[in-house]
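To start, the structure under review is shown below, and the notes come after it.
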Amino acid sequence: MSRISVISGDITSLDVDVIVNAANAQLQGGGGVDGAIHHAAGPELLEQCAAIYRQNGACPTGQAVIMGAGDIPVKAIIHAVGPVWQGGDCDEAGLLADAYHNSLQLAASHGYQRIAFPAISTGIYGYPKPAAAQIAMSTVCDFLRNHSLPHQVVFCCYDQETHDLYQHLLMNCDAV
Ligand code: AR6
1 MSRISVISGD ITSLDVDVIV NAANAQLQGG GGVDGAIHHA AGPELLEQCA
51 AIYRQNGACP TGQAVIMGAG DIPVKAIIHA VGPVWQGGDC DEAGLLADAY
101 HNSLQLAASH GYQRIAFPAI STGIYGYPKP AAAQIAMSTV CDFLRNHSLP
151 HQVVFCCYDQ ETHDLYQHLL MNCDAV
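As structure tokens, this is what we get:
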């Protein structure tokens with residue numbers, strides 16, 4: 001069975017160990033999937049985010065931090081900061097790949113088996129969906145080829161276009 005699956009739905013209702021949030025650098029909550037995750041997790045999540053921000057300052061673009069999940073029935077939430085699309089000449093591709101890679105590394109180092117990603121940066125941050133899907137899929141495929149954890153990666157798509165892009169790309173990721 002493939003270690004990658006593509007589903008449609010709300011990331012806050014998945015049966016996985018860890019979900020990834022498309023966060024902002026200040027970890028202060030916001031709209032999109034960030035808003036949905038904070039809404040479902042309850043105020044405890046914002047308190048954890050504020051505490052980490054007070055301690056470490058902003059989370060740089062491409063980096064990720066892990067914390068508890070509040071009321072969401074998963075073991076942890078990884079807040080990853082994707083790049084704002086600025087036309088493609090500001091290393092957006094590298095930074096988006098970093099956001100996926102660093103999230104996978106955090107999940108692996110905590111021993112988590114199953115992780116779910118939203119399509120980071122493709123909403124409010126404006127990253128073109130086809131290019132972002134390609135980076136997400138190739139970064140995850142490369143990581144899984146070289147690591148046994150996480151065992152399962154779920155791409156949780158919120159719109160049909162994203163779902164179709166991932167489904168198509170998954171056919172070319174034959175090594176996992
Ligand atoms: N489950 C799964 N995916 C979702 C959900 C959901 N419940 N809701 C939206 N999406 P976005 P970004 C999809 O805008 O572009 C926030 O204000 C959405 O359709 O959430 O990285 C943060 O605080 C899209 O495909 O994240 C930052 O300031 C994908 O999630 C900023 O937005 C990402 O869209 C981050 O912007």
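Under UniProt numbering, the final residue of the sequence shown carries the number 176; numbering is consecutive throughout.
Cβ atoms here follow ideal geometry from the backbone N, Cα and C, with glycine treated the same way.
Bear in mind the structure is a predicted one, so any value in this text is a computation, not a measurement.
Return the chain-ordered list of same chain residues with a C-beta closer than 6 Å to the C-beta of residue i, the five sequence neighbours on each side being excluded.
{"i": "residue 30", "result": "24"}
{"i": "residue 42", "result": "70, 71"}
{"i": "residue 62", "result": "95, 98, 99"}
For residue i and residue j, I'd like the C-alpha separation in whole angstroms.
{"i": "residue 3", "j": "residue 103", "result": "16 Å"}
{"i": "residue 123", "j": "residue 83", "result": "11 Å"}
{"i": "residue 149", "j": "residue 168", "result": "24 Å"}
{"i": "residue 79", "j": "residue 117", "result": "10 Å"}
{"i": "residue 132", "j": "residue 47", "result": "30 Å"}
{"i": "residue 107", "j": "residue 60", "result": "18 Å"}
{"i": "residue 99", "j": "residue 64", "result": "7 Å"}
{"i": "residue 112", "j": "residue 138", "result": "20 Å"}
{"i": "residue 40", "j": "residue 67", "result": "15 Å"}
{"i": "residue 14", "j": "residue 159", "result": "16 Å"}
{"i": "residue 164", "j": "residue 50", "result": "36 Å"}
{"i": "residue 136", "j": "residue 119", "result": "8 Å"}
{"i": "residue 7", "j": "residue 170", "result": "12 Å"}
{"i": "residue 147", "j": "residue 35", "result": "31 Å"}
{"i": "residue 88", "j": "residue 166", "result": "21 Å"}
{"i": "residue 121", "j": "residue 81", "result": "8 Å"}
{"i": "residue 110", "j": "residue 151", "result": "13 Å"}
{"i": "residue 93", "j": "residue 58", "result": "21 Å"}
{"i": "residue 74", "j": "residue 19", "result": "7 Å"}
{"i": "residue 28", "j": "residue 45", "result": "10 Å"}
{"i": "residue 9", "j": "residue 153", "result": "15 Å"}
{"i": "residue 105", "j": "residue 127", "result": "23 Å"}
{"i": "residue 134", "j": "residue 91", "result": "15 Å"}
Since residue i contacts residue j with CB under 8 Å, what's their CB separation in whole angstroms?
{"i": "residue 56", "j": "residue 37", "result": "Residue 56 to residue 37, Cβ: 20 Å. No contact."}
{"i": "residue 115", "j": "residue 17", "result": "7 Å"}
{"i": "residue 53", "j": "residue 86", "result": "The pair is not a contact, with the Cβ atoms about 24 Å apart (cut-off 8 Å)."}
{"i": "residue 156", "j": "residue 11", "result": "4 Å"}
Please list, in chain order, all residues of the same chain as residue i whose beta carbon is under 7 Å from its beta carbon, the five residues on each side excluded.
{"i": "residue 176", "result": "2, 3, 4, 141, 144, 145"}
{"i": "residue 101", "result": "139, 143"}
Using a Cβ-based criterion (distance less than 6 Å to any ligand heavy atom), does residue i qualify as near ligand 3?
{"i": "residue 156", "result": "Absent from the structure shown: ligand 3. Ligands present: ligand 1."}
Skipping 5 residues on each side, what residues in its chain have a beta carbon closer than 8 Å to that of residue i?
{"i": "residue 33", "result": "11, 21, 22, 118, 123, 158"}
{"i": "residue 161", "result": "129"}
Practice prompt. At 3 residues or longer, and completely inside the segment 52-78: list those beta strand (DSSP E) runs for me, N to C.
Written response: 64-67
Practice prompt. For the segment 106-169, list the alpha helix (DSSP H) runs that are entirely contained and at least 4 residues long, ordered along the chain.
Written response: With a minimum length of 4 residues, the continuous alpha helix (DSSP H) runs that stay inside the segment 106-169 are 129-146.
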